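Peer 1:
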Amino acid sequence: MDDGPRVPEQRRPASVNVTEAQALRFGVLGPVRAWRGTEPLGTGSPQQRALLAALLLREGRTATAAELIDALWGAEPPSQALAALRTYASRLRKVLDPGVLVSESGGYAVRGLREGALDLAQAQELAAQADKARTAGDLHRARDLLNDALGHWDGEPLAGVPGPYAETQRVRLEEWRLGLLESRLDMDLEQGCHAEAVSELTALTAAHPLRERLRELLMLALYRSGRQAEALAVYADTRRLLSEELGVDPRAGLSELQQRILQADPALAEPSSPSAEPAVGAVRPAQLPASVPDFTGREPLVAELSEVLASASESADAGNRVMAVSALAGIGGVGKTTLAVHVAHRARTAFPDGQLYVDLQGAGPRPAEPETVLGSFLRALGTADSAIPDSMEERAALYRSVLDSRRVLVLLDNAKDAAQVRPLLPGTEGCAALVTSRVRMVDLAGAHLVDLDVMSPEEALALFTKIVGEERVAAEREAALDVVAACGFLPLAIRIAASRLAARRTWTVSVLAAKLADERRRLDELQAGDLAVKATFELGYGQLEPAQARAFRLLGLADGPDISLAAAAAVLDLPAEETEDLLESLVDTSLLESAAPGRYRFHDLVRLYARACAERDEQPPSEREAAMSRLLDFYLATAAQVYAMERPGDRLVDHLERTEYPGLRLEDRKRAQDWLYAEAVSLLACVRQFAQPGTLPRAIDLLWAAVDLTESGANSREYDAAAIALLDAARSCGNRHAEVRASVVLANAHQLSGRFAEADDSALESLRLGDSTGDALARCWAANIRGAMAFYQRRYADAEELLQQALADFRDCGDRAGEASVLCNLSRIHVATGRPQSAVELAQQGVGMYEGLGHAVKTANGRYALGMALTQNGLPIEAAERLHEALTVFRESRQRLWEGMTLFRLAELDLAAGRHAQASVSAETAVTVLRGIGGEWRRGMVLTVLGRALAGIGQSGRAQVCWQEALSIYESLHSPETETVRALLAPSAAA
């Protein structure tokens with residue numbers, strides 16, 4: 002890495018004592034400036050600043066008068082140049098500290114500055130440290146250091162300073178800055194930050210079109226972002242530009258990269274040195290759960306599995322492409338996970354690059370999706386979120402690429418079947434996978450299969466003894482054998498029984514054996530397949546205190562991967578403190594797990610058993626219904642509070658189903674948002690669980706109140722699925738009121754996901770049915786949505802008529818927030834139909850209403866509409882101000898959809914003003930933010946603008962690629978924008 006212009010360390014004479022607050026500081030990486038502490042000092046005229054800059058950059062050496070005259074004026078100095086030079090030096094002496102600007106041998110020098118007094122010296126030191134960090138393999142620290150070094154630039158170096166010397170130094174310093182930028186961007190790509198780098202590289206290549214290294218980095222970033230055609234277009238643009246401007250071909254490195262992209266070279270799909278962003282050193286995931294300290298027996302299996310894992314490491318050392326896979330199968334509670342974790346910990350040293358772990362939830366109703374697991378694994382391996390592809394196939398390919406040449410052990414616990422496992426296998430030498438499942442994976446090619454049976458009586462007794470204690474078991478050996486036999490020699494059952502005995506010092510082993518001998522306390526089918534699992538849980542359940550047993554039964558009724566303490570308190574109808582004590586006691590019995598502080602979960606099989614217990618033991622059945630009703634009330638009441646805090650004055654909360662059980666008390670908007678996103682998965686599972694006649698209206702209202710989960714883009718797919726399930730349920734049970742509301746909720750979800758025809762159909766259905774139900778608010782929302790959809794479909798007359806009806810309906814309901822929403826939508830119609838002044842007035846009315854209600858997010862939506870209206874009125878500066886204000890709020894509120902669309906509108910503004918480079922940055926960022934959300938139509942809009950911006954900076958090949966993709970989108974949607982994009986792709990437009 003180039004250290005740039007050298008500025009050696011300069012020390013003040015020891016006799017001078019200056020405090021840090023009084024020390025002189027100088028800047029040349031921008032305007033030439035000086036400070037004493039934090040106080041700016043006057044540096045005089047341009048020529049005087051030129052003298053100061055020349056002395057600061059002379060590395061503390063003396064510059065003769067002749068050299069300085071030449072530096073300031075070049076070959077044609079004024080007749081009084083020497084006198085002027087002395088005047089400038091005299092004035093600088095008065096400003097600086099005594100002894101800093103010295104006369105020597107007929108010239109001048111700057112001496113005695115503190116270390117780091119010059120911004121250039123600080124940047125050089127940071128760049129040198131970055132070079133050392135990169136050499137040591139710490140890319141994260143190297144990137145941070147380079148960013149700090151680049152942060153010292155404040156515009157053009159030596160800005161406004163005249164003279165040939167300053168011009169030479171400007172060129173030199175700018176070249177050094179670009180070199181540092183290229184080094185940092187190179188490390189960005191090495192760490193998987195491809196998508197983020199594209200927008201910056203696009204702007205840099207526009208500013209420095211002949212700099213081939215930037216073009217090379219841009220091609221690589223695009224390729225790794227899944228944009229191969231654009232990457233190749235960059236090469237074509239570069240070759241054309243170099244030929245036209247310089248009459249040369251691209252250098253060999255760029256041409257080689259093009260060929261590798263054409264050949265889809267697998268090595269290009271991964272960073273050359275994959276590395277995450279650790280605090281110290283490289284990230285090596287260590288996700289294995291803790292091994293139990295009392296692991297017992299299984300010696301032959303431990304040795305067998307360890308040998309298989311060792312073969313992966315030995316094969317890698319020998320250069321063989323072998324990836325070891327072992328699949329353990331057995332019934333629940335037989336100890337598959339415990340054995341796998343124990344073996345994995347023993348083998349850790351053979352896998353120095355880390356260990357990955359996931360519970361695939363294969364025994365539950367909703368097994369983990371491979372694409373979700375791959376996303377988690379890629380993040381654990383250091384891949385940035387923005388660099389993770391959307392599809393499972395692309396994620397799996399990237400995952401294998403990241404693991405290539407690394408030695409990583411992957412533990413896939415509780416798998417459903419081989420199909421779930423295959424995408425998660427590393428597939429490269431040096432790596433290995435351990436899989437546990439209830440099914441024998443005979444269709445998992447190349448796997449070493451292990452069938453795990455119950456423990457032998459000796460192993461079972463040894464485990465029981467380790468937990469209970471040698472002294473107690475030795476005195477009652479026969480009773481202990483009876484206990485482990487009653488447990489069916491299942492490790493989990495033994496552990497539960499032994500843990501209960503260990504916690505009760507007054508019990509003898511015989512007491513426990515007698516309890517287990519009672520057949521009413523355990524299932525007869527102890528040895529019959531999965532029934533042994535039930536027997537295992539029966540042992541623990543039968544020893545619970547009544548309050549514990551009730552909590553165990555009722556909590557098992559709730560869907561969702563886990564449950565928060567507050568939600569559990571609602572299910573149990575108990576104070577939080579008492580609920581926590583109960584849940585922690587269940588954790589102690591191994592019947593419940595602590596997923597995270599304040600959150601709890603069941604093992605999948607334990608949940609099924611808990612539900613069976615609830616159906617059998619929770620009497621009368623109304624107790625179960627009441628518990629679930631409280632959970633639904635809790636979610637609905639809390640979600641309504643979040644909605645009200647995000648949207649003050651919005652009347653939706655007044656039209657929701659009433660709840661009997663209260664929700665949480667949330668202190669502010671941030672805590673409200675945190676709660677909603679933390680509970681998202683469990684809340685949406687609750688919605689689907691309650692898609693039943695008696696609870697359907699509240700479930701629909703809960704999904705409506707939780708609209709931020711789809712508007713933000715965070716949980717769009719799950720939200721859409723829940724909305725469809727609710728509508729199906731409403732139709733099945735013939736509940737017209739529920740059907741009207743579910744149709745509105747689904748219509749809103751469709752429009753946010755860019756499915757405009759489906760949104761219009763659902764909203765129309767809601768309006769059609771709404772007349773018979775008298776649901777005024779649903780009618781308002783449906784008309785507003787239909788108006789917006791008509792606008793997107795360019796049916797402006799229909800849109801205006803529908804929105805005017807919605808406006809009247811919202812006013813009749815006294816819903817000022819809804820009224821403001823319609824006004825902003827009407828503003829956009831006025832923009833589209835050539836009424837710019839009224840468009841501004843409508844948007845301003847909407848913003849004013851939102852501001853009066855204290856409605857931060859919706860005020861931002863209003864400013865978004867106002868920005869577009871101001872743009873149409875020829876007021877780009879004011880439009881940009883409104884859009885930037887909206888962008889800040891959207892980012893703070895995690896509204897990714899609107900963040901991306903606001904960036905898109907800013908790109909349109911820049912494009913109209915001829916700021917093509919800035920437009921390309923905003924549009925590129927919008928592409929990244931909107932990935933996977935907002936729908937294809939919006940993506941087509943952004944790609945179209947991005948293509949225009951790229952064409953404006955001379956990257957016509959990339960522009961064509963963007964337009965081709967946009968055209969494919971619009972054609973598939975039969976969108977009116979199709980013809981616009983076709984025109985852009987026409988030869989005359991390209992020319």
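Here the working numbering is used: the sequence shown runs in plain steps of one and ends on residue 992. We treat Cβ as the ideally placed atom computed from N, Cα and C, and that holds for glycine. In this text the structure is predicted, and so the values were computed from the model without any measurement.
1. When we look at the beta-carbon of residue 934 and count the other beta-carbons within 10 Å, is it buried (16 or more) or exposed?
2. Determine, using beta-carbon pairs with one atom in the segment 189-207 and one in the segment 366-375, whether at least three such pairs fall under 8 Å.
3. Please classify residue 976: is it buried, with 16 or more other beta-carbons within 10 angstroms of its beta-carbon, or exposed?
4. Rounded to whole angstroms, what's the CA-CA distance from residue 219 to residue 883? Just pull it up for me.
5. Could you tell me which uninterrupted beta strand (DSSP E) segments, each at least 3 residues in length, are contained entirely in the segment 558-603, listed from first to last along the chain?
6. Residue 1 lies in the beta strand (DSSP E); which residues open and close that run?
7. Would you tell me roughly how many angstroms separate the C-alpha atoms of residue 946 and residue 873, rounded to the nearest one?
8. Contact between the segment 745-753 and the segment 781-796 is defined here as three or more beta-carbon pairs at a separation below 8 Å; is this criterion met?
9. Provide the residue span of the beta strand (DSSP E) that contains residue 794, from first to last.
10. What do you get for residue 263, buried or exposed, if any count of 16 or more other CB atoms within 10 angstroms of its CB means buried?
11. Suppose you measure from the CA of residue 950 to the CA of residue 32; what does that come to, to the nearest Å?
12. Near residue 737, which residues of its chain fall below 7 Å by C-beta distance, leaving aside the five closest residues on each side in sequence?
13. Between which two residues does the alpha helix (DSSP H) carrying residue 639 extend?
14. With a 10 Å radius around its C-beta and 16 neighbouring C-beta atoms as the bar for buried, classify residue 671 as buried or exposed.
15. Between the alpha carbons of residue 254 and residue 821, how many angstroms are there, rounded?
16. Assuming residue 232 is part of the beta strand (DSSP E), what are its boundary residues?
17. Under the three-state reduction of DSSP, which class applies to residue 982: helix, strand or coil?
18. Just to confirm my understanding: we take residue 443, look at its own chain, exclude 5 residues before and 5 after, and list those with CB closer than 8 Å. What are they?
19. Suppose you measure from the CA of residue 987 to the CA of residue 913; what does that come to, to the nearest Å?
20. Excluding the 5 residues preceding and the 5 following residue 528 in the sequence, name in chain order all residues of the same chain whose CB lies nearer than 8 Å to its CB.
21. Pick helix, strand or coil for residue 667, following the three-state DSSP scheme.
22. Is it buried or exposed for residue 579, if we count other Cβ within 10 angstroms and need 16 for buried?
23. What number of angstroms, rounded off, separates the C-alpha of residue 850 from the C-alpha of residue 840?
24. Excluding the 5 residues preceding and the 5 following residue 852 in the sequence, name in chain order all residues of the same chain whose CB lies nearer than 7 Å to its CB.
25. What do you reckon, are the CB atoms on residue 327 and residue 309 nearer than 8 Å?
26. Can you list, in chain order, the residues of its chain whose CB lies under 8 Å from that of residue 445, leaving out five sequence neighbours each side?
27. In the structure shown, what three-state DSSP assignment does residue 662 receive?
28. What's the gap between the Cα of residue 722 and the Cα of residue 129?
29. Express the C-alpha separation of residue 633 and residue 759 in angstroms, rounding to a whole number.
30. Name the residue from 356, 390 and 428 whose alpha carbon lies nearest to the alpha carbon of residue 409.
31. In or out: residue 337 buried (at least 16 other Cβ within 10 Å) or exposed?
32. State the start and end residues of the unbroken beta strand (DSSP E) segment that holds residue 449.
33. Using 8 Å as the cut-off, can you tell me whether the segment 610-622 makes contact with the segment 554-567, which would need three or more C-beta pairs spanning the two stretches below that distance?
34. Which same chain residues end up closer than 7 Å to residue 593 when comparing Cβ atoms and leaving out the 5 residues on each side of it in sequence?
35. Let me know the secondary structure DSSP gives residue 154 once reduced to three states.
36. Please report the residue range of the beta strand (DSSP E) in which residue 111 lies.
Peer 2: Short version:
1. In the sequence shown, counting from the first residue as 1, residue 934 sits at position 933. Label assigned to residue 934: buried.
2. Contact between the segment 189-207 and the segment 366-375 is absent, because fewer than three Cβ pairs lie under 8 Å.
3. Here residue 976 is taken as the residue at index 975 of the sequence shown, counted from 1. By the Cβ-count criterion, residue 976 is buried, with 16 or more other Cβ atoms from all chains shown falling within 10 Å of its own Cβ.
4. By one-based count along the sequence shown, residue 219 stands at place 218. By one-based count along the sequence shown, residue 883 stands at place 882. Distance from the CA atom of residue 219 to the CA atom of residue 883, rounded to whole angstroms, is 32 Å.
5. Segments of the beta strand (DSSP E) lying fully in the segment 558-603: 594-597 and 600-602.
6. The requested residue 1 is not part of the displayed model; the chain covers only 2 to 992.
7. To locate residue 946, count along the sequence shown from 1; it is residue 945. To locate residue 873, count along the sequence shown from 1; it is residue 872. C-alpha separation (whole angstroms): 17 Å.
8. Enough Cβ pairs lie closer than 8 Å, so yes.
9. What you label residue 794 is simply residue 793 of the sequence shown in a count that begins at 1. Per DSSP, residue 794 belongs to no beta strand (DSSP E) and is neither H nor E.
10. For the purposes of this step, residue 263 is identified with residue 262 of the sequence shown, where counting begins at 1. Its Cβ having fewer than 16 others within 10 Å, residue 263 is exposed.
11. Reading the sequence shown from its first residue, position 949 is the one you call residue 950. Reading the sequence shown from its first residue, position 31 is the one you call residue 32. So the alpha carbons of these two residues sit roughly 31 Å apart.
12. The residue labelled residue 737 in the question sits at position 736 within the sequence shown. Hits under 7 Å: 770, 773 and 774.
13. Along the sequence shown, read from residue 1 onward, the residue named residue 639 stands at position 638. Counting along the chain, the alpha helix (DSSP H) containing residue 639 begins and ends at 623-647.
14. Working through the sequence shown from its first residue, we reach residue 671 at position 670. It is exposed - the Cβ of residue 671 has fewer than 16 other Cβ atoms within 10 Å.
15. Reading the sequence shown from its first residue, position 253 is the one you call residue 254. Reading the sequence shown from its first residue, position 820 is the one you call residue 821. Spanning the alpha carbons of residue 254 and residue 821 requires a straight line of approximately 57 Å.
16. Walking along the sequence shown from the start, residue 232 turns up at place 231. Not the beta strand (DSSP E): residue 232 falls in the alpha helix (DSSP H), residues 229-246.
17. Here residue 982 refers to the residue found at position 981 when the sequence shown is read from its first residue. In the three-state scheme derived from DSSP, where H, G and I count as helix and E and B as strand, residue 982 is classed as helix.
18. Here the question's residue 443 lines up with position 442 in the sequence shown. Within the same chain, residue 443 has close Cβ partners 450.
19. Indexing the sequence shown from 1 puts residue 987 at position 986. Indexing the sequence shown from 1 puts residue 913 at position 912. Put simply, the backbone Cα of residue 987 is about 21 Å away from that of residue 913.
20. Indexing the sequence shown from 1 puts residue 528 at position 527. Because residue 528 carries a pLDDT of 33, less than 50, the predicted location of this residue cannot be relied on, and no value is offered for it.
21. Within the sequence shown, numbered from 1, the residue matching residue 667 stands at position 666. Coil at residue 667, not helix or strand.
22. As a position in the sequence shown, residue 579 is number 578, starting the count at 1. It counts as exposed.
23. Counting from one through the sequence shown, the residue named residue 850 turns up at place 849. Counting from one through the sequence shown, the residue named residue 840 turns up at place 839. If you draw a straight line from the Cα of residue 850 to the Cα of residue 840, it is about 16 Å long.
24. Here residue 852 is taken as the residue at index 851 of the sequence shown, counted from 1. Contacts found: 860.
25. In the sequence shown, the residue the question calls residue 327 occupies position 326. In the sequence shown, the residue the question calls residue 309 occupies position 308. Yes, the pair counts as a contact, with Cβ atoms nearer than the cut-off.
26. On the sequence shown, position 444 is the one that residue 445 refers to. Result list for residue 445: 326, 328, 419, 422, 423 and 436, in chain order.
27. On the sequence shown, position 661 is the one that residue 662 refers to. Three-state DSSP puts residue 662 in coil, outside helix and strand.
28. Position 721 of the sequence shown, counted from the first residue, corresponds to residue 722. Position 128 of the sequence shown, counted from the first residue, corresponds to residue 129. In a straight line, the C-alpha of residue 722 is about 53 Å away from that of residue 129.
29. Here residue 759 is taken as the residue at index 758 of the sequence shown, counted from 1. Here residue 633 is taken as the residue at index 632 of the sequence shown, counted from 1. When rounded, the distance between both Cα atoms is 29 Å.
30. In the sequence shown, residue 409 corresponds to position 408, counting from 1. For residue 409, the closest of 356, 390 and 428 by C-alpha to C-alpha distance is 356.
31. Position 336 of the sequence shown, counting from 1, holds the residue named residue 337. Under a 10 Å Cβ-count criterion, residue 337 is classified as buried, with 16 or more other Cβ atoms of the shown protein chains found around its own Cβ.
32. The residue labelled residue 449 in the question sits at position 448 within the sequence shown. Note, residue 449: beta strand (DSSP E), 449-452.
33. Taking a contact to require three or more Cβ pairs closer than 8 Å, the segment 610-622 and the segment 554-567 qualify as touching.
34. Within the sequence shown, residue 593 is the residue found at index 592, counting from 1. Only 584, 587, 601 and 603 meet the Cβ criterion.
35. For the purposes of this step, residue 154 is taken as residue 153 along the sequence shown, with counting starting at 1. Coil at residue 154, not helix or strand.
36. For this step, residue 111 is matched to residue 110 along the sequence shown. Residues 108-111.
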